[in-house]
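Asks:
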Amino acid sequence: LSAGQRELVLGEAAYLRQLADQMDEQITKGQLTEAAKIGRRYLSVSSNPGRCSGIKLKLAAVSARSGSTEEALRLYREVAHHGRAHDMERQNAFAFMARLQNRTGQRDEALATWRLLLRNYPRGLHEREALRELVRATCGIDDQESRSLRSRLAERSRDDRNIEQLLHRCTP
264 LSAGQRELVL
274 GEAAYLRQLA
284 DQMDEQITKG
294 QLTEAAKIGR
304 RYLSVSSNPG
314 RCSGIKLKLA
324 AVSARSGSTE
334 EALRLYREVA
344 HHGRAHDMER
354 QNAFAFMARL
364 QNRTGQRDEA
374 LATWRLLLRN
384 YPRGLHEREA
394 LRELVRATCG
404 IDDQESRSLR
414 SRLAERSRDD
424 RNIEQLLHRC
434 TP
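This is the structure we're talking about:
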């Protein structure tokens, strides 16, 4: 990089850090509309949109809390399916998306998202939650998938009384 290009890159990085800090401040204050504006500005000025997963997750959460479900789901999908996002960010995007889908009555989509999360991250951050949701959805069904889900959940949740009760209730 030439000296001018390096200053531009450093200037952009400092400005993006400032925007991220301002977004966090507005979220803390409960100023969600302003936080969303700052998040969108961040995304519009970043020269590397592939590295904006953290801001996209925050903007999705702000959008969901503000009632902009479609925008939130779109942002979660971008992070979950973008190859440059870190695994932890992608796992969180899948889980947050499934929770939002469930809260907004998109039960089938939520279950599909939990399945996709388990397929991509079988021992991931949200494995137990995904298993629990899928076991609840298949409660009383006696097919191979349902038995496998119950078995995996039992294995991962030893000594968890609530899970034991769920498994007992759902096993045909």
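Our numbering puts the first residue of the sequence shown at 264, with every later residue one more than the last.
Think of the CB as a built atom: it goes at the ideal place given N, C-alpha and C, for glycine as much as any other residue.
Remember, predicted model here, so these are calculated numbers, not experimental data.
Could you check whether the stretch 407-423 touches the stretch 391-399, counting it as contact only if at least three pairs of C-beta atoms, one from each stretch, sit closer than 8 Å?
Replies: Result yes; three or more Cβ-Cβ pairs closer than 8 Å.
Asks: If the criterion is Cβ atoms closer than 8 Å, does the pair L338 and F357 meet it?
Replies: No, Cβ-Cβ distance for L338 and F357 is not below 8 Å.
Asks: If you compare alpha carbons, which of R304, L381 and P312 is closest to Y278?
Replies: When each option's Cα is compared against that of Y278, the closest is R304.
Asks: Looking at C-alpha atoms only, which residue of N365, N383, C315 and A348 is the closest neighbour of G336?
Replies: Correcting the residue identity first, residue 336 is Leu in this sequence and not Gly. It is N365 whose Cα lies nearest to the Cα of L336.
Asks: Out of curiosity, what's the CA-to-CA distance linking R314 and A400?
Replies: Spanning the two alpha carbons is a distance of roughly 35 Å.
Asks: Given that a residue counts as buried once 16 or more other Cβ atoms are within 10 Å of its Cβ, and exposed if not, what is K321?
Replies: Answer is buried; the Cβ neighbour count reaches 16.
Asks: Are the CB atoms of E341 and G317 nearer to each other than 8 Å?
Replies: No, the Cβ-Cβ distance between E341 and G317 is not below 8 Å.
Asks: Helix, strand or coil: how does DSSP classify G403 here?
Replies: Three-state DSSP puts G403 in coil, outside helix and strand.
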